[in-house]
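Peer 1: If you count by mature numbering (1 follows the signal peptide of the UniProt record, and there is no 0), then the sequence shown holds residues -28 to -1, 1 to 164, one letter each, in order.
Quick one: the structure is below, questions incoming.
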Amino acid sequence: MPTTPLQKLLTGLALPLLFLCGGHAIQAKTPPEGVVPVENFELERYLGLWYELARTDNRFERGLDSVTAEYTLKDDDSIRVFNRGWDEEKKKWKEIDGRGYKIGDPEEGTLKVTFFWPFYAGYHIFELDHEGYQYALVSGDNHSYMWLLARTPQLPQSTIDSLMEKAEAAGFDTESLIWLDHKTVHPSLLGK
């Protein structure tokens, strides 16, 4: 049976698309120069609710305040990554559900995360309060993505100053960070 031009096109695209998608899905993620993931990382202690205190500007979160991220271990050992932020202009909450996977050395603070499968991004924890897991600095795969996370909506200024010094030493432009205000609280977090 003769093939149609559309079938030929789809057949010709199938292998490159499979390779492209597969490459993104399994590709190891590496931190940018100057970023060294923390060691002695305990995923179980990292799970739970985090408040985003500061971030580099990115199109995914543009215009959002009061952003939180919640990490939950699933039965298949993947991590549910649930992000929520308040859009003041639209007066509504925006939410996105993703999935993360621990990669690399089990005791190193590196994961890969996806919100749009099969595309993954690196999630590199390069500073962490090992004693109480109360704050963390997280990098993406390049210096365009960085977040300051904490278990509470605020941190002491001395802690922030120290973390900003570490972020600068890792190559981030801390002067351009967006600082968040957690004055709007999602009803599910009231009382937490």
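Ideal placement from N, C-alpha and C gives every residue a C-beta, glycine not left out.
Please read these numbers as outputs of a predicted model, since none were measured by experiment.
Identify the continuous alpha helix (DSSP H) that holds L15 and give its terminal residues.
Peer 2: Along the sequence shown, read from residue 1 onward, the residue named residue 15 stands at position 43. That run of the alpha helix (DSSP H) goes L15 to Y18.
Peer 1: So who's on the other strand from D46, going by DSSP bridges?
Peer 2: Translated into the one-based positions of the sequence shown, residue 46 becomes position 74. In the sequence as displayed, the identity of residue 46 is Lys instead of Asp. Answer is none; K46 lacks a bridge partner.
Peer 1: So what does A26 bridge to, in DSSP terms?
Peer 2: Here residue 26 is taken as the residue at index 54 of the sequence shown, counted from 1. In DSSP, A26 forms a bridge with L120 and W151.
Peer 1: Per DSSP, which one or two residues make a beta bridge with L83?
Peer 2: By 1-based counting over the sequence shown, the position of residue 83 is 111. According to DSSP, L83 bridges with K74 and Y95.
Peer 1: Quick check: the segment 109 to 124 against the segment 140 to 158, are there 3 or more CB pairs under 8 angstroms?
Peer 2: Segments in contact, yes.
Peer 1: In three-state DSSP terms, what is L161?
Peer 2: The residue you call residue 161 lines up with position 189 of the sequence shown. Three-state result, L161: helix.
Peer 1: May I ask which residues mark the beginning and end of the beta strand (DSSP E) holding L109?
Peer 2: Reading the sequence shown from its first residue, position 137 is the one you call residue 109. Y107 to S111 is the extent of the beta strand (DSSP E) around L109.
Peer 1: Can you pull the DSSP bridge partners for I132?
Peer 2: Start at 1 with the first residue of the sequence shown, and residue 132 comes out as number 160. I132 pairs with nothing; no bridge assigned.
Peer 1: Quick one: using the 10 Å Cβ neighbour count with 16 as the cut-off for buried, is R56 buried or exposed?
Peer 2: Mapped onto the sequence shown, residue 56 falls at position 84. Classification for R56: buried.
Peer 1: By a C-beta neighbour count over all protein chains shown, 10 Å radius and 16 as the cutoff for buried, is T8 buried or exposed?
Peer 2: Position 36 of the sequence shown holds residue 8. Inspection of the sequence shows that residue 8 is occupied by Val rather than by Thr. So V8 ends up on the exposed side.
Peer 1: Is it true that the CB of W151 sits closer than 8 angstroms to the CB of A41?
Peer 2: Start at 1 with the first residue of the sequence shown, and residue 41 comes out as number 69. Start at 1 with the first residue of the sequence shown, and residue 151 comes out as number 179. No.
Peer 1: Suppose contacts are defined by Cβ-Cβ distances below 8 angstroms. Is G35 in contact with D69 by that definition?
Peer 2: Residue 35 sits at position 63 when you count from the first residue of the sequence shown. Residue 69 sits at position 97 when you count from the first residue of the sequence shown. Cβ atoms of G35 and D69: not closer than 8 angstroms.
Peer 1: Do you know offhand how far T124's Cα is from H158's?
Peer 2: Counting from one through the sequence shown, the residue named residue 124 turns up at place 152. Counting from one through the sequence shown, the residue named residue 158 turns up at place 186. Between T124 and H158, the C-alpha separation is close to 14 angstroms.
Peer 1: Tell me the rounded alpha-carbon separation between N12 and E5.
Peer 2: Counted from its first residue, the sequence shown places residue 12 at position 40. Counted from its first residue, the sequence shown places residue 5 at position 33. Cα to Cα, the separation comes out at about 21 angstroms.
Peer 1: Quick one, which of V10, G104 and D153 has its alpha-carbon nearest P78's?
Peer 2: Reading the sequence shown from its first residue, position 106 is the one you call residue 78. Residue V10 is the option with its Cα nearest to P78.
Peer 1: If the criterion is Cβ atoms closer than 8 angstroms, does the pair A108 and L100 meet it?
Peer 2: Residue numbering aside, residue 108 sits at position 136 when the sequence shown is read from its first letter. Residue numbering aside, residue 100 sits at position 128 when the sequence shown is read from its first letter. Result yes, Cβ atoms of A108 and L100 sit closer than 8 angstroms.
Peer 1: By DSSP, does K138 sit in helix, in strand, or in coil?
Peer 2: Along the sequence shown, read from residue 1 onward, the residue named residue 138 stands at position 166. Helix at K138.
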